[in-house]
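Chemist: Residues in the sequence shown are numbered consecutively from 19, following our numbering.
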Amino acid sequence: MVTLVFPELLPPQLSRLTPEETDERIAAAKEALGSRLVILGHHYQRDEVIKFADFRGDSFKLCQEAAACPDAEYILFAGVHFMAESADILSGEHQQVILPDLSAGCSMADMANSEQVDDCWAQLTGVTDEIIIPITYMNSTAALKSFCGKNNGAVCTSSNAESMLNWAWEQGEKVLFFPDQHLGRNTAAKMGVPLDKMIVWDPHAEFGGVTEEQIREAKVILWKGHCSVHQRFTVEHIEKAREQFPGCRVIVHPECSYEVVQAADENGSTNYIINAIEASEPGTTWIVGTEMHLVNRLSKELENRTVHCLDDCMCMCATMYRIDPEHLLWALENLLEGRVVNRISVDDETRKWALVALDRMLAHA
Ligand code: SF4
19 MVTLVFPELL PPQLSRLTPE ETDERIAAAK EALGSRLVIL GHHYQRDEVI
69 KFADFRGDSF KLCQEAAACP DAEYILFAGV HFMAESADIL SGEHQQVILP
119 DLSAGCSMAD MANSEQVDDC WAQLTGVTDE IIIPITYMNS TAALKSFCGK
169 NNGAVCTSSN AESMLNWAWE QGEKVLFFPD QHLGRNTAAK MGVPLDKMIV
219 WDPHAEFGGV TEEQIREAKV ILWKGHCSVH QRFTVEHIEK AREQFPGCRV
269 IVHPECSYEV VQAADENGST NYIINAIEAS EPGTTWIVGT EMHLVNRLSK
319 ELENRTVHCL DDCMCMCATM YRIDPEHLLW ALENLLEGRV VNRISVDDET
369 RKWALVALDR MLAHA
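(1) Would you list the one or two residues that DSSP bridges to Lys5?
(2) Using 7 Å as the threshold, is the C-beta distance between Glu133 and Pro343 below it?
(3) Where the beta carbon is closer than 7 Å to any heavy atom of the ligand SF4, which residues qualify, in chain order?
(4) Start and end of the alpha helix (DSSP H) containing His60?
(5) What residues are listed by DSSP as bridge partners for Gly307?
(6) Which of helix, strand or coil does DSSP assign to Cys124?
(7) Classify Asn285 as helix, strand or coil using the three-state DSSP reduction.
(8) Suppose only complete runs of 4+ residues qualify. What are the alpha helix (DSSP H) ranges in the segment 196-273, listed by chain order?
(9) Quick check on Arg399: does DSSP put it in helix, strand or coil?
(10) Taking the C-alpha atoms as reference points, what is the distance between Val253 and Glu367?
(11) Where are the alpha helix (DSSP H) runs, 4 residues long or more, that stay fully inside the segment 288-357, in chain order?
(12) Span of the alpha helix (DSSP H) holding Val374?
(13) Given this structure, state the Cα-to-Cα distance separating Trp241 from Ala294, to the nearest angstrom.
(14) Could you spell out where the alpha helix (DSSP H) holding Ala46 opens and where it closes?
(15) Would you decide whether Thr229 is buried or exposed? Buried here means 16 or more other CB atoms lie within 10 Å of its CB.
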């Protein structure tokens with residue numbers, strides 16, 4: 019179980035400040051807090067917020083950064099809820115993790131809850147004697163990471179999903195992969211698992227929408243979850259981009275659908291995408307299938323490459339966007355007054371087993 023402090027409302031006077039006034043007050047509060055504070059900014063965060071981050075990265079890298087700052091009493095996560103939970107799990111007991119707006123959740127993480135996964139597990143293990151290893155993507159609640167820890171499973175990120183699937187198949191015959199079906203399918207397919215050996219468990223359908231025989235035949239049971247940002251990209255977007263920008267390279271995140279990943283030139287984690295574009299020859303044109311704040315930032319920061327989003331229709335992470343400069347200022351000025359608002363705290367039992375699942379990943383990825 020995860021304990022949340024009841025959300026407080028942003029004082030209306032903060033919304034009336036000009037952007038310049040807000041920036042000045044954030045900078046002053048940050049300076050006054052000094053090394054007692056570390057601000058973590060996810061790559062998908064808006065520019066007005068990420069400019070105040072001490073570290074930028076994907077969710078796992080940022081949690082590692084937090085763990086490497088033992089002096090910081092306060093870890094402010096400019097990301098979404100599951101990221102702040104992971105930072106709390108990996109940070110020290112003397113550290114407090116803050117999510118400036120508690121409504122910054124993740125639609126993918128919300129697609130699998132403990133009750134649904136417990137129910138799925140009971141049904142799967144009732145059908146087959148083969149060993150099933152549960153693997154949860156980093157983008158999941160602490161409760162699901164804990165479930166994996168308790169049931170001989172592990173966590174994976176988009177960078178190490180292949181290593182973790184290899185590890186899982188050393189431990190058992192089948193993998194239950196949640197909550198993102200696309201990362202699971204794309205990774206397993208790349209490793210040579212035929213598509214007909216993967217089934218999709220729909221938590222809203224009776225018996226997951228599958229048959230007992232399909233479960234016995236499957237090598238991977240994929241959870242019916244997805245990222246609302248990455249699922250927007252289509253093969254038609256890729257075809258249109260290739261027409262508009264002849265010679266371009268299309269690179270997408272593995273949270274995109276199997277068809278999109280197959281049609282792209284390359285796919286990989288957020289860090290993979292950044293590194294590939296940074297390492298490319300000047301003059302290269304990149305069409306990128308991931309969150310638009312990252313794509314726009316790459317476009318601005320890499321002067322000698324042309325970088326466009328695969329879909330120019332506002333494909334942004336709407337929940338991460340809820341972390342705005344006003345909430346950042348509010349959280350920081352409260353810290354200056356000795357009040358911690360919107361603390362994310364994972365209870366000891368959940369933390370213990372989630373750490374087991376995270377440690378398995380760190381040991382084997
Ligand atoms: S981009 Fe998708 S997976 Fe990432 S936080 Fe937003 S909704 Fe969740």
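Here a beta-carbon is modelled for each residue, glycine too, at the ideal position from N, C-alpha and C.
Modeler: In brief:
(1) Nothing in the structure corresponds to residue 5, since the chain is present only between 19 and 383.
(2) To locate residue 133, count along the sequence shown from 1; it is residue 115. To locate residue 343, count along the sequence shown from 1; it is residue 325. Taking 7 Å as the Cβ cut-off, Glu133 and Pro343 do not qualify as a contacting pair.
(3) Tyr62, Val98, Cys124, Ser125, Met126, Ala127, Asn157, Cys245, Ser246, Val247, His248, Glu273, Glu309, Cys335, Thr337 and Met338
(4) Position 42 of the sequence shown holds residue 60. Unbroken run through His60 is the beta strand (DSSP E), Leu55 to His60; no alpha helix (DSSP H).
(5) For the purposes of this step, residue 307 is taken as the residue at position 289 of the sequence shown. Among the bridge pairs identified by DSSP, Gly307 is matched with Val270.
(6) Within the sequence shown, residue 124 is the residue found at index 106, counting from 1. Correct three-state label for Cys124: coil.
(7) Along the sequence shown, read from residue 1 onward, the residue named residue 285 stands at position 267. Of the three classes helix, strand and coil, the one that applies to Asn285 here is strand, per DSSP.
(8) Scanning the segment 196-273 for uninterrupted alpha helix (DSSP H) segments of 4 residues or longer gives 199-208, 230-235 and 253-262, listed from N- to C-terminal end.
(9) Since the displayed the chain opens at 19 and closes at 383, residue 399 lies outside it and no answer follows.
(10) Mapped onto the sequence shown, residue 253 falls at position 235. Mapped onto the sequence shown, residue 367 falls at position 349. Those two C-alpha atoms are separated by around 44 Å.
(11) 288-296, 310-319 and 343-354
(12) Position 356 of the sequence shown holds residue 374. Taken as a continuous stretch (DSSP letters only), the alpha helix (DSSP H) holding Val374 covers Asp366 to His382.
(13) As a first step, residue 241 must be located in the sequence shown, where it is residue number 223. As a first step, residue 294 must be located in the sequence shown, where it is residue number 276. Rounded to whole angstroms, Trp241 to Ala294 spans 29 Å at the Cα level.
(14) Along the sequence shown, one-based indexing puts residue 46 at 28. Where Ala46 is concerned, the enclosing alpha helix (DSSP H) stretches over Pro37 to Leu51.
(15) Position 211 of the sequence shown holds residue 229. Exposed is the call here.
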